[in-house]
């Protein structure tokens, strides 16, 4: 036997009808036991709802949502294996309780169930939603056609209770100045302001729930005003109601701004046309008032109270156009004094006279008068009172033209004698034409011009002459350069032949002047000796080139087979080439910087070195040879910065090595000590360095530095301002300085010893020191370049020095 438990907890016991149970030879037939039929589940799919079954009372209670239509609900019923009527899935009207009968399948017993469907009550929020939906525009617009054209009050009163579920309604306006909260007061905007957009908010409240509904209103603007009138608390404004009115009792002299400020518009939308109003306001002026509608206008004519007649009667300006002069008015004395240029005819001068407003004058302005004697003018005021003025014309005496005539003469002579061109001493175009223009302008000045005009003309012409003079092509101060041809030195045996190889020369202005070279050739191959061939040349400007020399040595040839005496010099048809490596130039023992232009050179020219040449320039222009020595004092070129010293070495045969160089940075101090003996132990200042670099009649930025140094030493006045031009004043100051410097070193023992040690017509490195010292004393020309040859120029300088002792 098997027991099965159903969903409704009923116990059903049954035996298989065909089953036979045999026990001890007995056979049993099982029998069914009766049970009670029942509904175990009841629900709706639409709307979703589940019934509550009361098995004891045999009832089913189902609650469906608010608003559910219960007239045709379809239930789903579970009665297990039993049948139910009405059947599950069949629509029923549940407006009233419905009875369902369950019949047992086993024995046909039945059980009735009463099913009751209850509709749930509505929620506060759902009630509010229903009331909101029911509140539409037509319920609040009142007499207005719609909410977009509001011109009058809204519905009176506005709804305060929902029409469906009675929710409480309260109202609020977004702009109570236009529409009140209760909608009963509507203030339409002015025409100029335009329509107003207003939000009316209805707030619904039910229980604890609330919500709002917003109605958008457009409040129409008022129609344009036709009012075109003004009032005033100051003036009298007519109110005739016509298109032409008046404004009277306006004070005389009232400004336009104050007049308009005293008018009040009767409608804010009016506009005032004021182009017919003067400033100040005068009678007859008009103001046009246009109404807001843009069509209606009223024209107001203004009447200004008459002003009292003026008593002003003064001459405020008195002048002549020809000649151009202005009178000086003495109001206290009632006189006019006017001065005209020398030579002016005063018998028919035409004055321009300005008098007080509303006044008149006799004789009238613009009429010629004879001012040989004072002229009386009568000024009559508006109130008929008069004032007499006496006008006196004075003719100036002739201006002093002495300085102008002299300046014209000087400029004319200079201009006429000047040669236009680009060569030294000439004047480049258009300098002559410009000076002639200035001369012509100065010559146009006459004695009739005022003295200030004459003086200005003198200054202008002198300035033009100074510009002309400064533009003169400076003189040629650059010396030509001589270049030797052939070997130097030359070695010969007595009896040999010597043909000089010559030299060439070029000049920066004259070009190739080789033909002008003066060669002095004393070589006598018959006599053993050391001879010096000299080469000199002078350019057109008189600049002398640095003398170039060639040494020719004539010796006695050795006897055939040798000689017990000293060996004769070896003469090569082709001298051996000089070595190209192994040479050394060392500055200040390898130092990288120096604050003195004087440096020490340590030189290694190799075993064949006999002579050497040292230069601050890589081209060695004008640099003579000197005997080779391993140590040498040298002077760097002026100016701070990196400096390079260049050296070449010569063998006894005249062959030259490559150029060897070394660098050092010069950090220039306030003063630089020159090499020993250069200026005889005297310290050379920045001023001396500037004097070496600059020349008279030269424009250069360093001229200012030169003038500043001279001014510091008292050679210029305290008010002197440095310029960039080396003119006569600067030259005079330099002369005074040099005279003082010369006096301080005359009879220097060191200079005397140097002169005593040297001989004329000889080459010696100390000749350079001698010449530098003499140049310091002003005994050489400023452009003189020192050499190692004691020639005629040096002899003349020594003679001058000795004469001053």
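Numbering (our numbering), first residue to last: 17 to 821.
Virtual Cβ for every residue (Gly too), placed ideally from N, Cα, C.
Identity of the residue in the options nearest residue i by Cα
| i | options | result |
| --- | --- | --- |
| residue 573 | 273, 510, 121 | 510 |
| residue 506 | 263, 394, 546 | 546 |
| residue 53 | 189, 116, 494 | 116 |
| residue 79 | 66, 73, 613 | 66 |
| residue 610 | 533, 660, 570 | 660 |
| residue 209 | 237, 186, 220, 184 | 237 |
| residue 125 | 98, 452, 416, 601 | 98 |
| residue 775 | 127, 244, 811 | 811 |
| residue 179 | 220, 87, 136, 196 | 220 |
| residue 500 | 772, 291, 522, 282 | 522 |
| residue 112 | 87, 403, 276 | 87 |
| residue 746 | 190, 716, 93 | 716 |
| residue 644 | 655, 630, 626 | 626 |
| residue 378 | 406, 388, 360 | 406 |
| residue 702 | 713, 712, 728, 434 | 728 |
| residue 223 | 73, 319, 109, 140 | 140 |
| residue 559 | 508, 617, 491 | 491 |
| residue 335 | 557, 301, 321, 384 | 384 |
| residue 106 | 325, 121, 89 | 89 |
| residue 651 | 784, 187, 347, 121 | 784 |
| residue 153 | 310, 174, 284, 252 | 174 |
| residue 415 | 449, 468, 399 | 468 |
Rounded distance between the beta-carbons of residue j and residue i, thought under 8 angstroms
| i | j | result |
| --- | --- | --- |
| residue 143 | residue 181 | 4 angstroms |
| residue 203 | residue 193 | 6 angstroms |
| residue 496 | residue 553 | 6 angstroms |
| residue 562 | residue 549 | No, residue 562 and residue 549 are not in contact; Cβ-Cβ is about 15 angstroms, not under 8 angstroms. |
| residue 647 | residue 599 | About 15 angstroms separates the two Cβ atoms, so there is no contact after all. |
| residue 680 | residue 608 | 7 angstroms |
| residue 74 | residue 147 | The pair is not a contact, with the Cβ atoms about 42 angstroms apart (cut-off 8 angstroms). |
Proximity of residue i and residue j at Cβ, strictly below 8 angstroms
| i | j | result |
| --- | --- | --- |
| residue 317 | residue 306 | no |
| residue 663 | residue 707 | no |
| residue 749 | residue 770 | no |
| residue 477 | residue 427 | yes |
| residue 155 | residue 171 | yes |
| residue 420 | residue 470 | yes |
| residue 91 | residue 58 | yes |
| residue 268 | residue 330 | no |
| residue 533 | residue 498 | yes |
| residue 240 | residue 286 | no |
| residue 373 | residue 328 | yes |
| residue 201 | residue 247 | no |
| residue 424 | residue 459 | yes |
| residue 386 | residue 351 | no |
| residue 720 | residue 738 | yes |
| residue 622 | residue 665 | yes |
| residue 568 | residue 544 | no |
| residue 601 | residue 676 | yes |
| residue 508 | residue 535 | no |
| residue 13 | residue 96 | Lying outside 17 to 821, the shown extent of the chain, residue 13 is not represented and no answer is given. |
| residue 613 | residue 682 | yes |
| residue 291 | residue 276 | no |
Inter-stretch contact at 8 angstroms, needing at least 3 Cβ pairs: the segment 458 to 473 / the segment 501 to 517: no
Can you confirm whether the segment 124 to 137 touches the segment 158 to 175 when touching is taken to mean that 3 or more C-beta pairs between the two stretches lie within less than 8 angstroms? With the cut-off at 8 angstroms, the segment 158 to 175 and the segment 124 to 137 do not touch.
Tell me whether the segment 359 to 374 and the segment 280 to 295 touch, counting them as touching only if at least three CB pairs, one residue from each stretch, are closer than 8 angstroms. no
Taking one C-beta from the segment 800 to 811 and one from the segment 777 to 787 each time, how about it: are there three or more such pairs within less than 8 angstroms? yes
Three-pair Cβ contact test at 8 angstroms for the segment 811 to 818 versus the segment 789 to 798: Remark: three or more beta-carbon pairs, one from each stretch, lie closer than 8 angstroms, so the segment 811 to 818 and the segment 789 to 798 are flagged as touching.
Between the segment 393 to 410 and the segment 344 to 359, are three or more C-beta pairs nearer than 8 angstroms? yes
Can at least three beta-carbon pairs, one atom from the segment 226 to 234 and one from the segment 242 to 260, be found at a separation below 8 angstroms? no
Quick check: the segment 477 to 492 against the segment 441 to 448, are at least 3 beta-carbon pairs closer than 8 angstroms? yes
Please confirm if the segment 163 to 170 is in contact with the segment 105 to 122, defined as three or more CB-CB distances below 8 angstroms between the two stretches. no
Taking only runs that begin and end inside the segment 457 to 545, name each unbroken alpha helix (DSSP H) of 4 or more residues, in chain order. 467 to 486
Contained beta strand (DSSP E) runs [length at least 3] in the segment 233 to 305, N- to C-terminal order: 260 to 266, 287 to 289
Ranges of the beta strand (DSSP E) found wholly within the segment 372 to 456, counting only runs of at least 3: Listed in chain order, they are 376 to 378, 391 to 396, 402 to 411.
With a floor of 3 residues, list each beta strand (DSSP E) that falls wholly inside the segment 106 to 159, ordered by position along the chain. 114 to 119, 126 to 135
Enumerate, from N- to C-terminal direction, the unbroken beta strand (DSSP E) stretches of 3 or more residues contained entirely within the segment 629 to 664. 647 to 651
Within the segment 166 to 216, ranges of the alpha helix (DSSP H) (whole runs, at least 4 residues): none
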